[in-house]
Structures are given as C-alpha cells and as structure tokens.
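In what follows, a structure is listed as structure tokens, so that the remarks can point back to it.
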Amino acid sequence: MSVGFEIGRVYNRRNDIHARFGGQQQGGIITPKDYPLVIIITGEEGLQHGYADRLRSDGVFEYFGEGQVGDMQLIGGNKAVAEHSASGESLLLFRKTATGLRFEGEMICDTFHYERSPDRQGNERNAIIFELRPLEAISEIVDEQGAPANADLTSLLAKALTAAAAPPKMGSGTPRNVYERSRDVRDYVLARAGTNCEGCHSLAPFTRKDGSPYLEPHHIRRLSDGGPDHPAFVIALCPNCHRRVHAGADGDTYNAMLLTCMASIQPKS
Ligand SMILES: [Zn+2]
C-alpha cells in the first residue's frame, strides 16, 4: 500500500492524516479502523505529562505508551503498537514540530518494558515503554540467504507465527530479537514458495550462491518490506513481480490482487 509519506516532510494532522484515514483526533496513538496503519506521534522535546521519548545509543527509539493518569494498560492504542506485526499493520512515527507533524519513518516494535514514571498528576506509576527500531535498519538481510535447506515447513511456520506475535514483555523468557524474528518469517515464506513465484507462478529466474531459488519476500500490507509480519501478509515474489508492485503503474492493483491470492496460499488463522 502506498500512503505517500516522505521521511523528513511535515504534514498536517487534520488534512493529511484524519481526512485520509480517519482515526482518533486526540492523543498520540492513532489507529484508523479501515487502514492497516498505527500512527504514533512523539512530542517536540518529550517530558510533557511525564513522557520522555528518547533515542538510545543502540538505535532503539523508546516511545511512551498512552495513559496520562495511573498505570498504563496494554489496551487500545498501546495494544495496537505492541501487536502491529501480528496484525500486519505499518507503524508510522511522526514528530511534533512548530509547523506540523514531521514523518520520521516506518518503525517495528521490537519489545516493550515497564518503567516507574510520574503521571500527569505527579504520582509514580508504571509506564509502558515501547522499544522501536526503524524498519529500514531491518530490511537489509533480505538477499543473502534462501530458506534453510531440508527445513520442515510445519516447524518453520510455528517459528514465523511466534515471531509475528506481540513481543512478550521483558523478563518473561528470552524473546528472539527483531532481526531474528524477521528472519524467521522470511525463512518460512521462502520455504513455502519453494521454486516458484507466488504471484505469477514462474520459476525463480536464478539461484542464489547457496543454491536456493531467488525469490523476494514482499510485505503486502506494509509500506516497506522487512521486519516480522504475519506470514498471511508476506508473499514470495520473483524480482519482476516485486518491482511491479513497488514501481508499476498498476502496482496498487497488483498488490491488492496478491492480497486476495493469500487467502488460498496462507489463510490468516
Ligand atoms: Zn512473479
């Protein structure tokens, strides 16, 4: 899906977001009902109502959940952020500026943790801190390897579904990180496709150096490819079909057709 937001450009919340997609007019998390989008807004400087979004030195952007008074709950917008991968939804980050909302890019929710932090009334409470990574930092592993050889499709699917599910909160086991989860989804989708493009059914045009057929995972409902996503929304395409989706005059229509095909390739359970 193409929504046309450019990184670094400033948009108007009412005209560019609500007029096009609907969604809640108040608050920092917007979840349009009819679009696979979760839009989050970070403050100009943070530290308002106890919110202190920040960029960590390891590249993770820490985003405070919603809920101004009392403990934050994993419901509503917070749940939408935590589960955006499992729901096949794009997570879009905007930053408030003096002139509007600057688009920072598409993110992936890696995990989240709780932190003691004052609420709007100055009382200590548990805040939910989402740990987000830019999707473009995760998209680079795509071409190097094919699906694991001799892999069992059932166990690959189980791993892919776990990878797409909402990340467990920190401290409950050792969840695979977002790169590993991204690879789990990709391994399964490539193994599922085998030798042929799932769009046009042509044989993969060449093999990788490791001998596997060259196909590319395409995220049908996302703005950009890469990252963990529900396997029902990821299709393995030949380079031709993949370019057609992203650059073709009929790209959006072709993409919508691919989404329809997924109902038989991989029904959403
Ligand atoms: Zn194809």
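Take the sequence shown: its position 255, counted from the start at 1, is 445 in the working numbering, and no numbers get skipped.
Glycine residues also receive a C-beta, built at the ideal position from the N, C-alpha and C atoms.
Note that the structure is predicted; figures quoted are calculated from it, not measured.
### Query
Can you round the beta-carbon distance between A348 and D377 to whole angstroms, since I take them to be within the 8 Å contact cut?
Within the sequence shown, residue 348 is the residue found at index 158, counting from 1. Within the sequence shown, residue 377 is the residue found at index 187, counting from 1. Contact flag wrong, Cβ pair sits at about 12 Å.
### Task
Measure the C-alpha to C-alpha separation of Q258 and I319 and round it to an integer number of angstroms.
As a first step, residue 258 must be located in the sequence shown, where it is residue number 68. As a first step, residue 319 must be located in the sequence shown, where it is residue number 129. Q258 and I319: Cα-Cα distance of roughly 13 Å.
#### Entry: Alpha-carbon to alpha-carbon, A317 and Q215
Along the sequence shown, one-based indexing puts residue 215 at 25. Along the sequence shown, one-based indexing puts residue 317 at 127. Distance between the alpha carbons of Q215 and A317 is about 22 Å.
### Query
Can the beta-carbon of F492 be found closer than 8 Å to that of P226?
This structure leaves residue 492 out entirely; the chain is present only between 191 and 459.
### Query
For the region 294-308 against the region 433-444, are there 3 or more C-beta pairs whose distance is under 8 Å?
no
#### Entry: By C-beta, the residues closer than 7 Å to any heavy atom of ligand 3, given in chain order
Questions concerning ligand 3 fall outside what the structure shown contains, since the ligands it does hold are ligand 1.
### Counted within 10 angstroms of its Cβ, other Cβ atoms place Q456 as buried (16 or more) or exposed
If you number the sequence shown from 1, residue 456 lands on position 266. Note on Q456: 16 or more other CB atoms within 10 angstroms of its CB, so buried under the neighbour-count rule.
### Query
Are the Cβ atoms of R411 and E279 separated by less than 8 Å?
For the purposes of this step, residue 411 is taken as the residue at position 221 of the sequence shown. For the purposes of this step, residue 279 is taken as the residue at position 89 of the sequence shown. Contact: yes.
### Task
For the beta strand (DSSP E) containing H409, list its first residue and its last residue.
Reading the sequence shown from its first residue, position 219 is the one you call residue 409. Looking at the DSSP string, the run of the beta strand (DSSP E) that includes H409 is 406-409.
### Host alpha helix (DSSP H) of K286 (start-end)
Sequence index remark: in the sequence shown, residue 286 carries index 96 (1-based). It is not in any alpha helix (DSSP H) - K286 instead sits in the beta strand (DSSP E) that spans 280-287.
### Query
When we look at the beta-carbon of P308 and count the other beta-carbons within 10 Å, is it buried (16 or more) or exposed?
Here residue 308 is taken as the residue at index 118 of the sequence shown, counted from 1. The residue is exposed, with fewer than 16 neighbouring Cβ atoms inside 10 Å.
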